[in-house]
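Asks: Supplied in structure tokens, the structure appears directly below.
2 protein chains.
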Amino acid sequence: MPRVLDVGKEVVTPGRRRRRGEELRGAICRAVLEELEEHGFAAMTMDAVAARAGAGKATLYRHWSSKVQLVVAALEYSAPEIIVPPDSGDLRGEIHAVLRQIAADLVGPSGAAARGLIAEIVRSPELASAMKPFLADPTTPPMLEVLRRAAVRGEIPVAALTPRIAGVGTDLLRQCILIKGEIPEGVVEEILDQVVVPLLRGLALGGAPAS
Amino acid sequence: MPRVLDVGKEVVTPGRRRRRGEELRGAICRAVLEELEEHGFAAMTMDAVAARAGAGKATLYRHWSSKVQLVVAALEYSAPEIIVPPDSGDLRGEIHAVLRQIAADLVGPSGAAARGLIAEIVRSPELASAMKPFLADPTTPPMLEVLRRAAVRGEIPVAALTPRIAGVGTDLLRQCILIKGEIPEGVVEEILDQVVVPLLRGLALGGAPAS
DNA sequence: TTGAATAAGATACTCGGTGTCTCAGATAGA
DNA sequence: TCTATCTGAGACACCGAGTATCTTATTCAA
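Taken in order, these protein sequences are the chains called A and B.
According to this note's numbering, the residues represented by the first sequence are 1 to 211, in order.
According to this note's numbering, the residues represented by the second sequence are 1001 to 1211, in order.
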């Protein structure tokens, strides 16, 4: 049952250059990031990415099996870095600096992508493993480093150096942007002063349960 | 330009009963909850809901403007209740009881719906306000009540009675299920003992910053 | 009881997006 | 130079949300 294709195809493909390999993949990843920044994950279409990259849609699917996989690849391509603040001896200030960076990332393009990925996890939980690195890893280590230095100074116990504790601030920020769609002014400081700092103070006490 | 509709319509509608008002809305909401439980939010189609409810798709859209609004209504219809544990004087135990209930809700059908709604917020942040009640309200008040009683007993300061502090456990649980697609064994206790309890202990100290 | 107004059930249709498929021609490697 | 491979382009199939429209059951007022 032959389908009618390309009848009268008259394309004047003017000796256009064709990229391959890393050059091609890089151009596509950059196009993905730009589309993400402009439209967000949901409104980003594969056609738009293909058009912006000057590539064919089939090329996208030849390299990545789905929109989600493509976005994951683009995130890998431009991994946003969290800078560990210099050791100032000011624990609150250092944590504040890390949280501010994380908040900025969540609001920016890579944050939009990450939020979109979380939405996709909701639709297909089996994807969770594929994108775990982009959700947990990049933010926990810098915070752990800040806490480690505080532990060295004796401000907090070594028992406080767990991913759970180091990730509290990040988790709360992420929760905020997921539910509210933004991180309102002052939320970073609210989390810092109502949760993270008192939590560390409580851990410094160690021992007995609250009361 | 007359479109051809219903040519040869031969429907044998056998005097089928037609429901209205609350009966109809209830049947539709139940159908939504069943579809959510079976397929999750994303894979739930309006056609399937209509078919299961024995209703027309137009009827769905006559009552609710979109899939999201319909799911919000279904959640209202079956509002999962968080029971405030009896005043035992055991703060950790009471918090544990509340967190366990919240975790169970997040894993169950209404949790699946809520996760789907969060995914929709990601695609259209303006919807955030429409569903805020279903994300924050149901869980914060019971926890605040538990904390309030602890404050009366003098275990924690009144300053600890903020939504931010009361919601820490819930937020962390929600974050967990969003990212991992599940709440692994032991996570509730991990959050309780590594975060919530030490946090309250730190707040009980009041005053000076950590160190 | 009856007739008009209202709204339910059914279904065809539009629209937009993902993912598939095919093809001509550019590119790379022998 | 010749050949195998992969790109760029775009038509296409498919699916689901939301719309339009028709028939008819139900409600309510006269």
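All residues carry an ideal CB built from backbone N, CA and C; glycine is no exception.
#1: Which residue from 178/A, 157/A, 167/A puts its Cα closest to that of residue 118/A?
#2: Identify the contact partners of residue 194/A in chain B, using a Cβ-Cβ distance below 7 Å as the criterion.
#3: Is the segment 1142–1157 of chain B touching the segment 79–90 of chain A, taking contact as three or more C-beta pairs under 8 Å?
#4: Please state if the CB of residue 1175/B and the CB of residue 175/A are separated by a distance shorter than 8 Å.
#5: Thinking just about the alpha-carbon of each residue, which of 1074/B, 1068/B, 1051/B, 1041/B is nearest to the one in residue 1026/B?
#6: Mind listing the chain B neighbours of residue 190/A? Cutoff is C-beta to C-beta under 9 Å, in chain order.
#7: Does the Cβ of residue 1209/B have 16 or more other Cβ atoms within 10 Å, making it buried, or fewer, making it exposed?
#8: Under 7 Å between beta-carbons, which chain A residues line up against residue 1198/B? List them in chain order, please.
#9: In chain order, which alpha helix (DSSP H) runs of at least 4 residues are fully inside the segment 143–201 of chain A?
#10: Taking residue 1142/B as the reference, which of 1077/B, 1037/B, 1162/B has the closest Cα?
#11: Comparing C-alpha positions only, which one of 1168/B, 1172/B, 1157/B sits nearest to residue 1202/B?
#12: Between the segment 27–36 of chain A and the segment 52–64 of chain A, do three or more beta carbon pairs fall short of 8 Å?
#13: Along chain B, in chain order, which residues have C-beta atoms closer than 7 Å to that of residue 174/A?
#14: State the DSSP-derived secondary structure class of residue 1115/B, mapped to helix, strand or coil.
#15: Rounded to whole angstroms, what is the Cα-Cα separation between residue 1153/B and residue 1186/B?
#16: Using the three-state DSSP reduction, which class does residue 28/A fall into: helix, strand or coil?
#17: For residue 41/A versus residue 72/A, is the C-beta spacing smaller than 8 Å?
#18: Strictly below 9 Å CB to CB, what residues from chain B border residue 47/A?
#19: According to DSSP, is residue 93/A helix, strand or coil?
#20: Just to make sure I have the definition right: I need the residues of chain A whose C-beta is within less than 8 Å of the C-beta of residue 1105/B. Which are they?
#21: Could you please give the first and the last residue of the uninterrupted alpha helix (DSSP H) stretch that includes residue 52/A?
#22: Between which residues of its own chain and residue 1191/B is the CB-CB distance below 6 Å, once the five residues before and five after are set aside?
#23: How about residue 1087/B: is its C-beta nearer than 8 Å to some C-beta of chain A?
#24: Run down chain A in chain order and give the residues with a C-beta less than 9 Å from the C-beta of residue 1068/B.
#25: So which residues on chain B does residue 168/A lean against when the C-beta distance must stay under 8 Å?
#26: Counting along the chain, where does the alpha helix (DSSP H) carrying residue 1074/B start and finish?
#27: Classify residue 47/A as buried or exposed, calling it buried when 16 or more other Cβ atoms lie within 10 Å of its own Cβ.
#28: Rounding to the nearest angstrom, what Cα-Cα distance links residue 95/A and residue 197/A in this structure?
#29: Where do the ends of the alpha helix (DSSP H) carrying residue 1139/B lie?
#30: Alpha carbon to alpha carbon, how far is residue 1106/B from residue 211/A? Give it in angstroms, no decimals.
#31: Can you tell me where the alpha helix (DSSP H) with residue 62/A in it begins and where it stops?
#32: Along chain A, which residues have their Cβ under 8 Å away from the Cβ of residue 1183/B?
#33: According to DSSP, is residue 1084/B part of a helix, a strand, or is it coil?
#34: Could you tell me whether any Cβ in chain B is nearer than 8 Å to the Cβ of residue 82/A?
Replies: According to the data block:
#1: Here residue 118/A refers to the residue found at position 118 when the first sequence is read from its first residue. By alpha-carbon distance to residue 118/A, the top candidate from 178/A, 157/A, 167/A is 178/A.
#2: For the purposes of this step, residue 194/A is taken as the residue at position 194 of the first sequence. Chain B residues near residue 194/A: 1162, 1164, 1165.
#3: Touching, no, given that fewer than three Cβ pairs across the two stretches are closer than 8 Å.
#4: The count along the first sequence starts at 1 and reaches residue 175/A at position 175. The count along the second sequence starts at 1 and reaches residue 1175/B at position 175. In contact: residue 175/A and residue 1175/B (Cβ atoms closer than 8 Å).
#5: The count along the second sequence starts at 1 and reaches residue 1026/B at position 26. Here the closest residue by C-alpha is 1074/B.
#6: Position 190 of the first sequence, counting from 1, holds the residue named residue 190/A. Correct list: 1162, 1164.
#7: Stepping through the second sequence from its first residue, residue 1209/B is reached at position 209. Any reading at residue 1209/B needs caution, since the residue's pLDDT is 43, under 50, leaving its predicted position unreliable; the model's value is listed next. Around the CB of residue 1209/B, fewer than 16 other CB atoms lie within 10 Å, so the residue is classed as exposed.
#8: Taking the second sequence and counting its residues from 1, the one referred to as residue 1198/B is at position 198. Those within 7 Å of residue 1198/B in chain A are 199, 202, 203.
#9: Every alpha helix (DSSP H) of 4 residues or more that sits fully in the segment 143–201 of chain A is shown, in chain order, as 163–166, 168–180, 187–191.
#10: Taking the second sequence and counting its residues from 1, one reaches residue 1142/B at position 142. Closest option to residue 1142/B, Cα to Cα, is 1162/B.
#11: In the second sequence, the residue the question calls residue 1202/B occupies position 202. It is 1157/B whose Cα lies nearest to the Cα of residue 1202/B.
#12: The segment 27–36 of chain A, when compared against the segment 52–64 of chain A, does touch it at the 8 Å Cβ threshold.
#13: Indexing the first sequence from 1 puts residue 174/A at position 174. 1175, listed in chain order.
#14: If you number the second sequence from 1, residue 1115/B lands on position 115. Note: residue 1115/B maps to helix in three-state DSSP.
#15: To locate residue 1153/B, count along the second sequence from 1; it is residue 153. To locate residue 1186/B, count along the second sequence from 1; it is residue 186. Looking at the two C-alpha atoms, the distance is approximately 29 Å.
#16: Walking along the first sequence from the start, residue 28/A turns up at place 28. Per DSSP, reduced to three states, the secondary structure at residue 28/A is helical.
#17: Working through the first sequence from its first residue, we reach residue 41/A at position 41. Working through the first sequence from its first residue, we reach residue 72/A at position 72. No, the pair does not count as a contact, with Cβ atoms beyond the cut-off.
#18: One-based indexing of the first sequence puts residue 47/A at position 47. The premise fails here: residue 47/A is roughly 18 Å from chain B at the closest Cβ pair, so nothing lies under 9 Å.
#19: Locating residue 93/A in the first sequence gives position 93, where the first residue counts as 1. Looking at residue 93/A - three-state DSSP - the assignment turns out to be helix.
#20: Working through the second sequence from its first residue, we reach residue 1105/B at position 105. Residues of chain A passing the Cβ test: none, with the nearest at roughly 16 Å.
#21: Reading the first sequence from its first residue, position 52 is the one you call residue 52/A. For residue 52/A, the enclosing alpha helix (DSSP H) begins and ends at 46–53.
#22: Locating residue 1191/B in the second sequence gives position 191, where the first residue counts as 1. Setting aside the 5 residues that flank it on each side, residue 1191/B is surrounded in the same chain by 1169, 1172, each with a C-beta closer than 6 Å to its C-beta; the list follows chain order.
#23: Within the second sequence, residue 1087/B is the residue found at index 87, counting from 1. No, its Cβ sits nowhere closer than 8 Å to a Cβ of chain A.
#24: Position 68 of the second sequence, counting from 1, holds the residue named residue 1068/B. Under the 9 Å cutoff, chain A gives no residues; its nearest Cβ is about 13 Å from residue 1068/B.
#25: Your numbering for residue 168/A matches position 168 in the first sequence. Neighbours of residue 168/A across chain B, judged by C-beta separation under 8 Å: 1168, 1172, 1195.
#26: By 1-based counting over the second sequence, the position of residue 1074/B is 74. Segment 1067–1077, the alpha helix (DSSP H) holding residue 1074/B.
#27: As a first step, residue 47/A is located in the first sequence; it is residue number 47 there, counting from the start. Here residue 47/A is exposed. Its C-beta has fewer than 16 other C-beta atoms within 10 Å.
#28: Translated into the one-based positions of the first sequence, residue 95/A becomes position 95. Translated into the one-based positions of the first sequence, residue 197/A becomes position 197. Approximately 9 Å, taken between the alpha carbons.
#29: Your numbering for residue 1139/B matches position 139 in the second sequence. In the DSSP assignment, residue 1139/B falls outside any alpha helix (DSSP H) and carries neither an H nor an E.
#30: Numbered from 1 along the first sequence, position 211 holds the residue referred to as residue 211/A. Numbered from 1 along the second sequence, position 106 holds the residue referred to as residue 1106/B. Note on residue 211/A: pLDDT 38, under 50, position unreliable in the model; the coordinate value appears next. So the two alpha carbons sit approximately 29 Å from each other.
#31: Position 62 of the first sequence holds residue 62/A. Looking at the DSSP string, the run of the alpha helix (DSSP H) that includes residue 62/A is 57–63.
#32: Within the second sequence, numbered from 1, the residue matching residue 1183/B stands at position 183. Result: empty, since nearest Cβ-Cβ is about 12 Å, beyond 8 Å.
#33: In the second sequence, counting from the first residue as 1, residue 1084/B sits at position 84. It is coil, neither helix nor strand.
#34: As a working note, residue 82/A is residue 82 in the first sequence. Between residue 82/A and chain B, the shortest Cβ-Cβ separation is not below 8 Å.
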